[in-house]
Structures are given as structure tokens and as C-alpha cells.
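Engineer:
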Amino acid sequence: MELASKYDPQMVESKWYQYWLDKQLFSSKPDGREPYTVVIPPPNVTGVLHMGHMLNNTIQDILVRHARMEGKNACWVPGTDHASIATEAKVVNKLAAEGIHKTDLSRDAFLEHAWDWTHEHGGIILKQLRKLGCSCDWDRTAFTMDEQRSESVIKVFCDLYEKGLIYRGVRMVNWDPSAKTALSDEEVIYKEEHSKLYHLKYYVSPDDQAKVERKSDENVMHKDEKGYYAVVATTRPETIMGDTAMCINPDDLKNTWLKGLHVIVPIVGRCIPVVEDSYVDIQFGTGCLKVTPAHDINDHALGLKHGLETIDIFNDDGTLSEAAGLYVGQDRMDVRKQISIDLNDAGLMEKIEDYDNKVGYSERTHVPIEPKLSTQWFLKMQHFADIALDPVMNDDIEFYPKKYKNTYRHWLENIKDWCISRQLWWGHRIPAYYFKDVDGKNATVVAKTSEEALKLAKAINPAVKATDLEQESDCLDTWFSSWLWPISVFNGINDPENEEIKYYYPTSDLVTGPDIIFFWVARMIMAGYEYRNKFPFKHVYFTGIVRDKLGRKMSKSLGNSPDPLELIDKYGADGVRMGMMLSAPAGNDILFDESLCEQGRNFNNKIWNAFRLIRGWQIEDIAQPEANMIAIAWFEAKLKEVNAEMEEQFKSYRISEALMTVYKLFWDEFSSWYLEMIKPEYGKPIDRQTYAATLRFFETLLKMLHPFMPFISEELWQHLYDRKDGESIMLEQLHLGQLTKDDQNLITKIECVKQIVAGIRTVRNQKNITPKIALRLEVVAQNNFEQYNSVIIKMANLENISVVEEKSPDASGFMVGTDGFAVPLGSLIDVNAEIKKLEKELKHLEGFLKGIKAKLSNENFVAHAPEAVIAKERKKQSDSEEKIATIKANIDELRKK
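The sequence shown runs 1 to 897 under the UniProt record's numbering.
1) For Glu-620, which beta-bridge partners are listed by DSSP?
2) From which residue to which residue does the alpha helix (DSSP H) around Asp-345 run?
3) Less than 9 angstroms between the beta carbons of Asp-277 and Ile-311, yes or no?
4) What is the DSSP secondary structure of Tyr-504, counted as helix, strand or coil?
5) Consult DSSP for Ser-488 and reduce its assignment to one of helix, strand or coil.
6) Output the distance between the C-alpha atoms of Gln-376 and Gly-559, rounded to the nearest integer angstrom.
7) Compute the Euclidean distance between the alpha carbons of Lys-875 and Ile-852, then round it to the nearest angstrom.
8) State the DSSP-derived secondary structure class of Asn-442, mapped to helix, strand or coil.
9) Pick helix, strand or coil for Cys-158, following the three-state DSSP scheme.
10) Tell me whether the beta-carbon of Ile-632 lies closer than 9 angstroms to the beta-carbon of Ala-693.
11) Write down the C-beta distance between Phe-542 and Phe-399 rounded to the nearest angstrom, noting that I regard them as a contact closer than 8 angstroms.
12) If you draw a straight line from the alpha carbon of Ala-109 to that of Asn-93, how long is it in whole angstroms?
13) Is it buried or exposed, Cys-134, if we count other Cβ atoms within 10 angstroms and call 16 or more buried?
14) Buried or exposed, going by whether 16 or more other CB atoms sit within 10 Å of the CB of Ser-812?
15) Taking only the alpha-carbon atoms, compute the straight-line gap between Arg-332 and Gly-318 and give it to the nearest angstrom.
16) In this structure, does DSSP put His-53 in helix, strand or coil?
17) So what's Ser-672 in DSSP terms, helix, strand or just coil?
18) For Asp-687 versus Glu-626, is the C-beta spacing smaller than 9 angstroms?
19) From this set, Val-489, Arg-270, Leu-197, which residue's C-alpha is nearest Glu-147's C-alpha?
20) Do Pro-266 and Ala-245 have their beta-carbon atoms positioned less than 9 angstroms apart in this structure?
21) Thinking C-beta only, is Arg-149 closer than 9 angstroms to Leu-484?
22) Go ahead and pull the three-state DSSP assignment for Lys-23.
23) Do the stretch 729–741 and the stretch 759–767 touch if we need at least three Cβ pairs shorter than 8 angstroms?
24) Round the Cβ separation of Pro-78 and Trp-16 to the nearest angstrom and send it over; I've been treating them as touching at under 8 angstroms.
25) Using the C-alpha atoms, what's the distance from Lys-290 back to Lys-196?
26) Under the three-state reduction of DSSP, which class applies to Ser-374: helix, strand or coil?
27) How would you label Leu-200, buried or exposed, when you count the other beta carbons within 10 angstroms and need 16 or more for buried?
28) Where does Phe-314 sit, in a helix, a strand or coil, going by DSSP?
29) Taking the alpha helix (DSSP H) that Cys-752 falls in, what are its first and last residues?
30) Check whether the Cβ atoms of Val-445 and Leu-456 lie closer than 9 angstroms to each other.
31) Any contact of the stretch 153–165 with the stretch 411–431, i.e. 3+ C-beta pairs under 8 angstroms?
32) So Leu-894 and Glu-834 are in contact, right, with Cβ under 8 angstroms, and what is the actual spacing, rounded?
33) Helix, strand or coil, according to DSSP, for residue 899 in the structure here?
34) By alpha-carbon positions, which one of Glu-34, Ser-27, Ala-83 ends up nearest to Tyr-505?
35) For chain C, check one thing: does any of its Cβ atoms lie closer than 9 angstroms to the Cβ of Gly-851?
36) Counting C-beta neighbours from all protein chains within 10 Å, is the total for Thr-818 16 or more, i.e. buried, or is it exposed?
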């Protein structure tokens, strides 16, 4: 095959990716090899490729390709998540643009639109991953709502219900007014906000005003022309329509006067009791707490304890309901603004203060959540926490980095029941059926199908007909399907003894972000032990968050996130992969800079040009030079050393370090040293043995690079020798052997040789001597590197190397370890140029010395400066004077010549 003069990523990448697909090189079937299994964190079916996906999937592909080259049966399962909230929102918006409201449609009609949208958009991100080079087994592509996964989800729900782990009840939940559904605690993101603290007047009821008068010995706090009042501080004045009590701490002396009284809710006019509970923080605000049982989890607990009325003042969309009595139909945030004005106008606002607090937001729709009493389905989580904690703490499942073990432990030790129902249509519909029992009371059965549900219902009430059954309208939380992912992709729920689940499970590595450690990682571990009695993966690699070079999280709103596909078009997939990995240590945030991708592209060009250099040499059957023999032996040893280092880095998931290791090996050791050691003189041939060894080394380097840079490594590997159709570098293995003591000694010796060469080059640079002029090298006392003379002579362009008792008077010397070396210069030195250079340096030092002397002659400075500072300045003075004396002596010596 002809090799182009320049590397063209677009041509190379499309060609080889199609080749890999055509030859089914990503495909995996159970066999006798050790399996290496990875399941992709399924991206939302609504999604398109972003920088986080790029990082995560690059790491996965590196691990998968590395395992494949180790001879393992690598299976990378791709797929997408149906993303209930996000997808339903997309479909609702699409329909709205067409003038159709969701409520105008039946559930089935809406789902038809949702499936149409999914079929049209759902595969976009997976196609984009192909551009990155991801070697997934695409024939295994799964979807959390396909038939096999859906059947798994329903089966697990029924199983857990039968085990008594799933229940239905009225609980305070996190409500998303935009998506109009409940959320789990993990789907709420808390943000610091600059809010307001509103101090409201709650007047004592008219009937109780006289009672306050009689409490003359009490610490009565507030009174005006309207009478006595208490002050309540709140960040949410829009909820006062739901107040059913005021609460004080019984030990709060400043509020003792309120005991046993009733107060009037401002504007609302409702008379509510003052109750006492130690829950109230005496130090916060005025120590008086408004109790709104329907809209705060802690208030709800107080309401149950004190038998308070519950008034739900919000509609599902966050507007105020008829029960509020005021501001009906208005959005809660608009009401907050208006009610503060109305309270102030009515003289019911004591004051408003600035206040910083944390506000919970929906992780999906980014609107403030609303605590809401709601009938929902829950999964008891203590059982799962009990089975999932020890495996991580004991490192049966290993986290990288380890710091996330504590995050995991803290969550499991404070576990709450999981609200698994969502008020959506797009998702797995909960398999619960409602009907009336023989006494006409509400009854429920849970079954995988409506036919099974009817049988169960008839056992309770023989008169029940199919038309009497009403299936639960809610669907399951998306994560209720995702937590089964490592099992369900191999059909391990529906057919627990099938060949694939027994071969591929548990999976090997999981690569994911720490932001879903609770949503997904912990729950997969729980499901793994519940349904396979085994962890779902052995290792979890937590990536960092991709940020811009200023440290800001990349986002569309900030406009600081590049389009990954545009980056690939500009720098090539290999260049972008390398750019992502150059600064991607596990668990640490990545400060992404596009210049890293440019560095990746430059490295591609370096590899390409190195190959073109080698292929351009003329080969002849001539004697192999001694320098070439040494270079080959050294680089053979170097490959063993670096490969062993990289294997250790892979084992400890230091993936970016492994890339940097092979990068330095190619750029520094191979290109800068090995090729220079063996490169023939211009116009002359290279011996056949050296050329063959160099091609072999280049092939090994390509194999080491392949997991990181799959496209260019495949392209050049195919050019190295005549390849058969269907062959690929990705199926090759490295066989380098063990690093021996002789190898280590040789590497150490060549490092010294490199220092000698570098020393000679430094002398050339300092003395302005062109590399074309051959120099002599003197070795003082004895030459411990005589066997490497041929390499040193070639690399440093020397006439000869001689051993001397002491260096020549005109020689520039340097040390390598304890050995002394010198380069005699004689007439090679341009005396006038040297004198000018030294005089320039002398002038600079004399000016520097003058400044120091001026500082030390300043009596004020000497009198007040610390002794250490003065001592430092005097040291600078003596050092400068010594250097000046040396330079003057050198100038005098040169002038004598």
C-alpha cells in the first residue's frame, strides 16, 4: 500500500472503522478464553455526544482494546436509557409545537408518539461514539425499554413486592412541578442561593389577647396598636396559606408567653394553635416556627405528632390550588413576590433580610422541587444497604480512586426508602392492579401480566372481571431499570442460567462519573447481590468532571463546551482521545484545553513521519555497525521495561500515566535516541538486520499505542508487512519477555551514555560550535563506557575518544556521575565571540552587585531588616564577587591567546 506524505485522519478513520465492522472484530461470543466484560453507562436516548461522554467512552475503549490485546474475550455492551423525565418532556414539547396537548391524547396514543421520537433520535449518540473509535459489540445494543429489559424490570418488581420489599403509601416526596412527578432524594441537587428571610407578624387571636395581658411577668416580645404578635421568619412566605400551627421550643424563655395561645395566619386570617416541640431551634430566627404539614418534611412529622390539619395548597404544576384560598392559579414563585408586597402593605411584614440557604432543584428539569404529600410506591432500602456495604468496604469491589468508598459508606449508612414511582407515561408501567374485594373495599394485586392479575384478583373476589381491573397509571423510576443493567443485558433476570450470563457476569470494569454513585453504582451492586449473589463488576473507575481551562464546568449556557464532533473533524479522533487523556487522572476534574488535542494531532504526525523516515531508507546486505547492535539491544530492553511499567499502570487504573509513558517512549527514546543511533549517513544504505529490528520495534510501539490511538496504529500496522484480509492490530498480542538484570544494567549504562552525549552537545551550544565539526572527547583517568564508544562517537560527532590523566588546558569539562569528561576546543573557539559573551555576563553581574551593595550600605535597611534577610543579601554579594573574579580571569586568559 502507498503511504501518503501527510497523515489524513478523516480518510484513515472512516476506512478502518468500517473495516472493523465488516470483519466483526468487535463481536464477542462465549468461548474458552478469559472474558473481559464492560457495560456502557447507557446514555439518555435524548442525548448527543458531549465532552463527558468523550472522556468516559475513551477510557472504556482503552481498557477494552487493551484487554483484547491481552488475549481476553473482550465484550463491550452498548445501549441507551429511556430517560423517562427527559424523553417525556421532549415529546410533550414536540407535540405542543404541533398544537397537541398531552392531556388531549390517550396513554397509548401518547406512547406511539414517544416511540416514534425514540426511533428517530434514539440512536444518534451511539452513532457518534463510532466516530470516536469505540469498539462496542454493536450487535448487542440494548435499550432499557426493549422487550427483554422491560420483561426483566416487571419480573423484578413483582419479585420484590412478593418479598415485602415494595409498598405503596402516602409520604412526603420531592415533587418536580415541571415534570409533574415525584423524584427520589438522589434526583434532587442542592444549590447555594442568595435568598430573603421574611419576618412575618402572627397576631395573637382576639380571644387570647386578654390572656397575654394577664401574663405581665412573662417576656412579651412584640406589641403594636393592633395588639400582641409573634414574629415568624421564613424563606417561603407563599406557603402561609397551608399553615396549621405555630411551634415553639418549650425551653425557649423568650417565647414562654406564647404557650397555650392561638395566633392568626397573616392575610389568610386562619386561627391556628401554638404547639410546643423541642424540634424547634431556639437560635434560629425568632424561635417561632410556622408549621405547614403538607409542604415540608419536618413540618409533616410535627403535624403527625401533634394531630394537625394538612392543607395542600399547590397544584401539580406549582400553581396555587383552590385549597389555598388566595392567589389561586398563580405560580408559586410569582406568589412569593406578590405576597411579600401584600404583607408589607397590610403592615404584616416586620422586616426582610438577605439570607443564604440551600435550595433543592430537580436534577432533570432544573426547577426548584416542592415537598409534597403524595401516594407513591417505595422500595425498602435497608435490606439492600446491608448486602451492599461490606463488599465495597472489604474491596471485593474496588473503587478508583479509593476516596469514594467513604462517600458510598456514608450514603448506605443513612439510607432512605427509594420512591420508585413516577407520574409519567413514558416508562415501565407499574404492574399493580386495583379492584374491589367482596366487601366493596379497595384491593390491590401485583402481577407480570393482566391475565395473571385477574387470576389473583379472582382468588380475592371471584366476581371480578377483566374490565374491573384498573392498572396503576404511574411508571417506574428510570433507575429501576438501569440498576439491573449488568444482569439484564445478558438476560440474567428472565433466564438466570443461560450461557451468556454465566460466562460474562460479573463484568470486569465499570467506568462512570461520581455524580451517579448513588443513582446507579450502589444500586447495581444491590441488584447484583440480590439476583446473582455476586458483585456486578470487580472495579469501578470514577472519572472526573470535564472543565474548561478556567476550572468552570462545561455547559451549553456558558458556551464553554466545544462540539466533540467538530474537535474530531479538526484534530482526528486519535488526537482528541489523546488530548482528553493527557490530563484525566481517575477521580480528578479534567481542565480541558483544546491545545491538548493539538498536541495529540502533532503526536500523530510525529508517528507518521517517523514511519516515513524508516520506510525511506535503502536496505542492503552489509555488515551491521557496532553502534546499531548496541542500540538494538538497548531498545529491546527499554521496551520490556516500559511495557512492564505500563502494565502496572493499567492494573492500578492510572490510564493517563500509561499514555504519557508510551508517549515519552516513542517521542524521546525511539525518535530522539534510537533512530538517531541507527540512522544511516545521508545517501547511504542501512543494514538488513538493523532495518528488520527497527520494523519490529515500530510494530511493538504501535501495539502499545493502539488502545489509546486505534486508527493511526491500525493504518501503519497494515503498512508494515503484507497483511491478510481480516487481520488487525487489535487482535495482536505483545510478547516481550521479562526484564532481566542484564537488561536493567544496559538501560542504566545507556542513560549515562545519553548524558555524555548531552554534555558534548551543551559544550557545542555554549561555544557556538556547529554539529558538523567533529570534536575529540577526553575521559579523565579511565573510560568506564569504552564498549559504547561507537554510539557516543556517532551521536556526538566525535573524531575519537581518548583516556587522559588530566584534561587539556583548552578543554571544556563536565561530569557524568563520578566520571570526568572534557572536550578540547583549541582553535575551534572564536576568541572574540567568547570575550564578548563573557563581558556581557560581567556587566550584568557588576550591575547586580552594585544594587546589593547599595542595599547593604543603607543604614535604615540594616537596622530594621531581619538578620536572615541581611545574611542572604551578604551571601549574594560574596557569590557575585566570586563569579566576577572568575569571569575576569577567563577573559584575561582568552586575551592572551
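Each residue gets a CB set at the ideal place from its N, CA and C atoms; glycine is no exception.
Structural biologist: Quick look at the numbers:
1) Looking up residue 620 in the sequence shown gives position 620. According to DSSP, residue pairing for Glu-620 in a beta bridge involves Asp-687.
2) The residue given as residue 345 occupies position 345 in the sequence shown. Asp-345 -> alpha helix (DSSP H) spans 332–345.
3) If you number the sequence shown from 1, residue 277 lands on position 277. If you number the sequence shown from 1, residue 311 lands on position 311. Cβ distance not < 9 angstroms, so Asp-277 and Ile-311 don't count as in contact.
4) Translated into positions along the sequence shown, residue 504 becomes position 504. It is helical.
5) Along the sequence shown, one-based indexing puts residue 488 at 488. In the three-state scheme derived from DSSP, where H, G and I count as helix and E and B as strand, Ser-488 is classed as helix.
6) One-based indexing of the sequence shown puts residue 376 at position 376. One-based indexing of the sequence shown puts residue 559 at position 559. About 39 angstroms.
7) Residue mapping note: residue 875 aligns to position 875 of the sequence shown, counting from 1. Residue mapping note: residue 852 aligns to position 852 of the sequence shown, counting from 1. Approximately 10 angstroms, taken between the alpha carbons.
8) Residue 442 sits at position 442 when you count from the first residue of the sequence shown. Of the three classes helix, strand and coil, the one that applies to Asn-442 here is strand, per DSSP.
9) The count along the sequence shown starts at 1 and reaches residue 158 at position 158. The answer is helix: DSSP assigns Cys-158 an H, G or I state.
10) Locating residue 632 in the sequence shown gives position 632, where the first residue counts as 1. Locating residue 693 in the sequence shown gives position 693, where the first residue counts as 1. Going by C-beta atoms, Ile-632 is nearer than 9 angstroms to Ala-693.
11) Your numbering for residue 542 matches position 542 in the sequence shown. Your numbering for residue 399 matches position 399 in the sequence shown. Correct: roughly 7 angstroms between the Cβ atoms.
12) For the purposes of this step, residue 109 is taken as residue 109 along the sequence shown, with counting starting at 1. For the purposes of this step, residue 93 is taken as residue 93 along the sequence shown, with counting starting at 1. Rounded to the nearest whole angstrom, the C-alpha separation of Ala-109 and Asn-93 is 16 angstroms.
13) Along the sequence shown, one-based indexing puts residue 134 at 134. It is buried - the Cβ of Cys-134 has at least 16 other Cβ atoms within 10 Å.
14) Here the question's residue 812 lines up with position 812 in the sequence shown. Counting the other Cβ atoms within 10 Å of the Cβ of Ser-812 gives 16 or more, which makes it buried.
15) Walking along the sequence shown from the start, residue 332 turns up at place 332. Walking along the sequence shown from the start, residue 318 turns up at place 318. Cα to Cα, the separation comes out at about 6 angstroms.
16) Counting from one through the sequence shown, the residue named residue 53 turns up at place 53. Residue state, collapsed to three classes: helix.
17) If you number the sequence shown from 1, residue 672 lands on position 672. Look at Ser-672 here: in three-state DSSP terms it is helix.
18) Within the sequence shown, numbered from 1, the residue matching residue 687 stands at position 687. Within the sequence shown, numbered from 1, the residue matching residue 626 stands at position 626. No Cβ-Cβ contact shorter than 9 angstroms links Asp-687 with Glu-626.
19) Taking the first residue of the sequence shown as 1, we reach residue 147 at position 147. When only C-alpha atoms are compared, the closest one is Val-489.
20) Here residue 245 is taken as the residue at index 245 of the sequence shown, counted from 1. Here residue 266 is taken as the residue at index 266 of the sequence shown, counted from 1. Taking 9 angstroms as the Cβ cut-off, Ala-245 and Pro-266 do not qualify as a contacting pair.
21) The residue labelled residue 484 in the question sits at position 484 within the sequence shown. The residue labelled residue 149 in the question sits at position 149 within the sequence shown. Against a cut-off of 9 angstroms, the Cβ pair of Arg-149 and Leu-484 comes out as a contact.
22) As a working note, residue 23 is residue 23 in the sequence shown. Annotated three-state conformation of Lys-23 is coil, per DSSP.
23) No, the stretch 729–741 is not in contact with the stretch 759–767.
24) The sequence position of residue 78 within the sequence shown is 78, counting from 1. The sequence position of residue 16 within the sequence shown is 16, counting from 1. Contact between Pro-78 and Trp-16 does not hold, since the beta-carbon distance rounds to 19 angstroms and is not under 8 angstroms.
25) Counting from 1 along the sequence shown, the entry for residue 196 is found at position 196. Counting from 1 along the sequence shown, the entry for residue 290 is found at position 290. One Cα belongs to Lys-196, the other to Lys-290, and the distance between them is close to 16 angstroms.
26) Taking the first residue of the sequence shown as position 1, residue 374 is located at position 374. Reduced to three states, the DSSP call for Ser-374 is strand.
27) Position 200 of the sequence shown, counted from the first residue, corresponds to residue 200. So Leu-200 counts as buried.
28) Counted from its first residue, the sequence shown places residue 314 at position 314. Assigned with DSSP and collapsed to three states, Phe-314 falls in strand.
29) Mapped onto the sequence shown, residue 752 falls at position 752. Looking at the DSSP string, the run of the alpha helix (DSSP H) that includes Cys-752 is 741–767.
30) Position 445 of the sequence shown, counted from the first residue, corresponds to residue 445. Position 456 of the sequence shown, counted from the first residue, corresponds to residue 456. In this structure, Leu-456 lies closer than 9 angstroms to Val-445 by Cβ.
31) These segments touch.
32) Walking along the sequence shown from the start, residue 894 turns up at place 894. Walking along the sequence shown from the start, residue 834 turns up at place 834. Contact between Leu-894 and Glu-834 is confirmed by a C-beta separation of about 6 angstroms, below the 8 angstroms threshold.
33) The displayed coordinates of the chain run from 1 to 897. Any statement about residue 899 would go beyond what the structure contains.
34) As a first step, residue 505 is located in the sequence shown; it is residue number 505 there, counting from the start. Checked all of Glu-34, Ser-27, Ala-83; the closest Cα to Tyr-505 is Glu-34.
35) The structure shown contains no chain C; it holds only a single protein chain.
36) Here residue 818 refers to the residue found at position 818 when the sequence shown is read from its first residue. Exposed, because fewer than 16 other Cβ atoms sit within 10 Å of the Cβ of Thr-818.
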